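Working notes for the structure below.
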Amino acid sequence: QEESDQEAFEEDMKECKIEQARRTSESKEKAAEEKRTAEKQRSMEASRKSVAGELEATEQYFKDLHPACIDGSSSYEDRKAARAEEIEALKNAQGLLQDAFKEKPEEAPEEEKLTFLQKRRPAVGVLRTD
Numbered sequence: 013q014e015e016s017d018q019e020a021f022e023e024d025m026k027e028c029k030i031e032q033a034r035r036t037s038e039s040k041e042k043a044a045e046e047k048r049t050a051e052k053q054r055s056m057e058a059s060r061k062s063v064a065g066e067l068e069a070t071e072q073y074f075k076d077l078h079p080a081c082i083d084g085s086s087s088y089e090d091r092k093a094a095r096a097e098e099i100e101a102l103k104n105a106q107g108l109l110q111d112a113f114k115e116k117p118e119e120a121p122e123e124e125k126l127t128f129l130q131k132r133r134p135a136v137g138v139l140r141t142d
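Terminal number for the sequence shown in our numbering: 142, no gaps in between.
Structure below.
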């Protein structure tokens, strides 16, 4: 009887040690999981704060643009007419610039063929020795 009781006791102790090891391992795993979850939560909170700041800045930007873009003091037709006038003025300026840099005809006198920077005025009171 004593021998069987001793074997039963040893068997129970063995099972208890196995159960204790399993629970210790499980506890360590859960602690590591809790640590990872807490770190993930901190990271997400920081991200949320950043995104909330961006959202606030975007909403403020939208509020600032709303009067000029949505309410606008000019209609589409006014802006379209202003753009057309600007394009016409730019074309006119382009034509003037193209004409300004064209070569002058050959029959013009030599002095008229020279551009502004090529013309020389005779120096008054200065003697050149070249």
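We treat Cβ as the ideally placed atom computed from N, Cα and C, and that holds for glycine.
For clarity, every value in this text was computed on a predicted model and none was experimentally measured.
Check                                                                                                                                 : Outcome
In three-state terms, what does DSSP make of residue 59?                                                                              : helix
Apart from the five residues just before and just after residue 44, which ones in its own chain have a Cβ nearer than 8 Å to its Cβ?  : none
So the alpha helix (DSSP H) residue 80 belongs to, where does it begin and stop?                                                      : Neither: residue 80 is in no alpha helix (DSSP H) and is coded neither H nor E.
Can you grab the Cα-Cα spacing for the pair residue 82 / residue 70, in whole Å?                                                      : 16 Å
Give the secondary structure of residue 114 by DSSP, where H, G and I count as helix, E and B as strand, and everything else as coil. : coil
What is the rounded straight-line gap between the Cα of residue 29 and the Cα of residue 61?                                          : 48 Å
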